[in-house]
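These notes are about the structure you will find just below.
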Amino acid sequence: MDEEVIRPATAAELQYEEDDVNADLDLNGVPPRPDGRLWLLRPFGGFATVEDIKTHLLHLYEARRIDDQYHPEQARRIKAQLAADELSRLPGQT
């Protein structure tokens with residue numbers, strides 16, 4: 022039986038992940054996350070919880086039949102753009 026070895030992420034791996042997240046944020050016109058700080062989410066636009074926002078966006082994604090038939094990177098960018106477009110229409114957003 023092969024065992025999977027789990028190890029802590031290296032500094033380079035963490036930086037790669039941070040850069041990837043910040044690239045997605047930039048793609049959607051959102052400033053990068055602050056270094057060395059927790060990035061907290063608060064519900065907005067009439068949603069009671071962050072989970073409600075995520076559920077809403079997932080339903081939009083599924084309703085538009087965007088699935089991973091695309092290259093994973095392309096599917097991720099499509100999902101991010103759908104989220105940005107939908108969230109920009111919520112009350113209190115500019």
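Taken in order, the sequence shown gives residues 22 to 115; the numbers are from the working numbering. Note that the Cβ used here is the ideal one computed from N, Cα and C, for glycine as well.
Q) With DSSP run on the structure shown, which of helix, strand or coil describes ILE27? A) Counting from one through the sequence shown, the residue named residue 27 turns up at place 6. In the displayed model, ILE27 falls within coil according to three-state DSSP, outside both helix and strand.
Q: Assign ALA32 to one of two classes, buried (16 or more other C-beta atoms within 10 Å of its C-beta) or exposed (fewer than that).
A: The residue labelled residue 32 in the question sits at position 11 within the sequence shown. Exposure of ALA32 is indicated by the presence of fewer than 16 other C-beta atoms within 10 angstroms of its C-beta.
(Q) Measuring alpha carbon to alpha carbon, tell me which residue in GLU107, ARG98, ALA104, LEU103 is nearest ALA44. (A) Taking the first residue of the sequence shown as position 1, residue 44 is located at position 23. Out of GLU107, ARG98, ALA104, LEU103, the CA that lies nearest to the CA of ALA44 is found in ARG98.
**Q.** Environment of ALA104 [buried if 16+ CB atoms lie within 10 Å]
**A.** Position 83 of the sequence shown, counted from the start, is the residue given in the question as residue 104. With 16 or more other Cβ atoms from the protein chains shown falling within 10 Å of its own Cβ, ALA104 counts as buried.
**Q.** Expected contact under 8 Å - CB spacing of ARG12 and VAL42 to nearest Å
**A.** Only positions 22 to 115 of the chain appear in this structure, which leaves residue 12 out of reach.
Q. Quick one, which of ASP56, LEU78, ALA69, VAL26 has its alpha-carbon nearest ASP40's?
A. In the sequence shown, residue 40 corresponds to position 19, counting from 1. Considering only alpha carbons, the answer is ASP56.
Q: Mind reading off the beta-carbon distance from PHE68 to HIS77? Whole number of angstroms is fine, and I expect it under 8 Å.
A: If you number the sequence shown from 1, residue 68 lands on position 47. If you number the sequence shown from 1, residue 77 lands on position 56. Their Cβ separation, rounded to whole angstroms, is 7 Å, which keeps PHE68 and HIS77 in contact under 8 Å.
Q) Quick one: what's got a C-beta closer than 6 Å to ASN49's C-beta in the same chain, skipping five residues either side? A) As a first step, residue 49 must be located in the sequence shown, where it is residue number 28. Cβ neighbours of ASN49 beyond the five flanking positions: ALA101, ALA105.
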